[in-house]
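Residue numbers (our numbering): 1 to 267.
Where a beta carbon is used, it is the ideal one built from N, C-alpha and C, also for glycine.
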């Protein structure tokens, strides 16, 4: 009897331990710059609200940490963060991080956080342009935010870039001063800046065609998948469910996004 009681106690302790381990908070990081309407720079925005909706569904506490994007993805690579958002799909990142993937090897867009576009901005009256296949630039470089994936896109176009600045407002100010030929920025954020700064809107215009339109994901660490193999799939499936929920669609409409724009178009 005594041995049986000890065995039962050990089983209970093992169960408590396993439940406690599964309930450990998840550490997620994100870019500490404003990325309207997804991140507002004050701990809010549509991405933050969507991520927070995971807590109840997963019964898991989430700790969200704003920081420079380079530091965020480096900490994810090292396993010091369980996830990073919002990350565009860059194949090289798959060596050390995880995206939701389809069997054929492409990212599963249905399990994205959001979709958004990059646009090329130029001084009015200049010939800098993007025709959908080729980018014509002036003598000065094109400004992009530090470590944003649009830089790789422009390098493939054999365009000189300046990625020394993290702040899109500063990049547009540099463009106005003719220190740049153009600026490749996420469209919603650049448009917000131009609305808030009439002196920039007077001098700068957006080229007609978007440079890129792409999905952005909650990227997860390989270390998390090793500890809890079933968790990444649960997280991405739940994100999709929450993103398409009536409550979240209402938040998108309140932010000025209709369903089609929010779904088809961070990093």
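In angstroms with no decimal places, state the Cα-to-Cα distance between residue 222 and residue 147.
Approximately 21 angstroms between the Cα atoms of the pair.
Could you give the DSSP three-state label for residue 90: helix, strand or coil?
Three-state result, residue 90: coil.
DSSP on residue 117, reduced to helix/strand/coil?
The three-state secondary structure of residue 117, taken from DSSP, is strand.
With a threshold of 16 other CB atoms inside 10 Å of the CB of residue 124, please say whether the residue is buried or exposed.
In this structure residue 124 is exposed. Its beta-carbon is surrounded by fewer than 16 other beta-carbon atoms within 10 angstroms.
Burial state of residue 63, where buried means 16 or more other Cβ atoms lie within 10 Å
Answer is exposed; the Cβ neighbour count stays below 16.
For residue 252, does the three-state DSSP call read helix, strand or coil?
Note: residue 252 maps to helix in three-state DSSP.
According to DSSP, which residues form a beta bridge with residue 204?
Beta bridge pairing from DSSP links residue 204 with 123.
Indicate the three-state DSSP secondary structure (helix, strand or coil) for residue 40 in the structure shown.
In the structure shown, the three-state DSSP call for residue 40 is coil.
With a threshold of 8 angstroms on Cβ separation, who are the neighbours of residue 139 within its own chain once the five nearest residues in sequence on each side are excluded?
In the same chain as residue 139, and ignoring 5 residues on each side of it, the C-beta atoms closer than 8 angstroms to its own belong to 181, in chain order.
What are the residues that DSSP puts in a beta bridge with residue 197?
Answer is none; residue 197 lacks a bridge partner.
Alpha carbon to alpha carbon, what distance is there between residue 199 and residue 101?
Each residue's alpha carbon lies about 44 angstroms from the other.
Straight-line Cα distance separating residue 232 from residue 18
Interpretation of residue 18 is limited by its pLDDT of 37, a score under 50 that renders its predicted location unreliable; no figure is taken from the coordinates.
Indicate the three-state DSSP secondary structure (helix, strand or coil) for residue 109 in the structure shown.
DSSP places residue 109 in helix when its eight states are reduced to three.
On the DSSP bridge assignment, give the partners of residue 58 in chain order.
For residue 58, which the question treats as bridged, DSSP gives no partner whatsoever.
Taking the alpha-carbon positions, what's the residue 25 to residue 81 distance?
Cα to Cα, residue 25 sits roughly 11 angstroms from residue 81.
Assigned secondary structure, residue 214 (DSSP; H/G/I helix, E/B strand, else coil)
Looking at residue 214 - three-state DSSP - the assignment turns out to be strand.
From residue 194 to residue 119, what does the alpha carbon distance come to, in whole angstroms?
For residue 194 and residue 119, the distance between alpha carbons rounds to 13 angstroms.
Between the region 146 to 160 and the region 242 to 250, are three or more C-beta pairs nearer than 8 angstroms?
Short answer: they don't touch.
In chain order, what residues of the same chain have a beta carbon less than 7 angstroms from the beta carbon of residue 96, not counting five sequence neighbours either side?
Here the set comprises 77 and 222.
Collapsed DSSP secondary structure at residue 153 in the structure displayed
When secondary structure is reduced to three states using DSSP, residue 153 falls in the helix class.
Do you know how far the Cα of residue 59 is from the Cα of residue 135?
Cα-Cα distance, rounded: 48 angstroms.
How would you call residue 187, buried or exposed, if buried means at least 16 neighbouring beta carbons within 10 angstroms?
Buried.
Beta-carbon proximity check, residue 34 vs residue 189, cutoff 9 angstroms
Yes, Cβ-Cβ distance for residue 34 and residue 189 is below 9 angstroms.
For residue 160, count the other beta carbons within 10 Å of its own beta carbon; 16 or more makes it buried, fewer makes it exposed. Which is it?
Exposed, by the Cβ-count rule.
What does the Cβ neighbour count give for residue 268, buried or exposed, with the cut at 16 atoms within 10 Å?
This structure does not reach residue 268, given that the chain is present from 1 up to 267, and the question cannot be answered.
Just the Cα atoms here: how many angstroms apart are residue 129 and residue 56?
Pairing residue 129 with residue 56, the inter-Cα distance amounts to about 47 angstroms.
Measuring straight from C-alpha to C-alpha, what distance separates residue 133 and residue 50?
Going from the Cα of residue 133 to the Cα of residue 50 covers about 34 angstroms.
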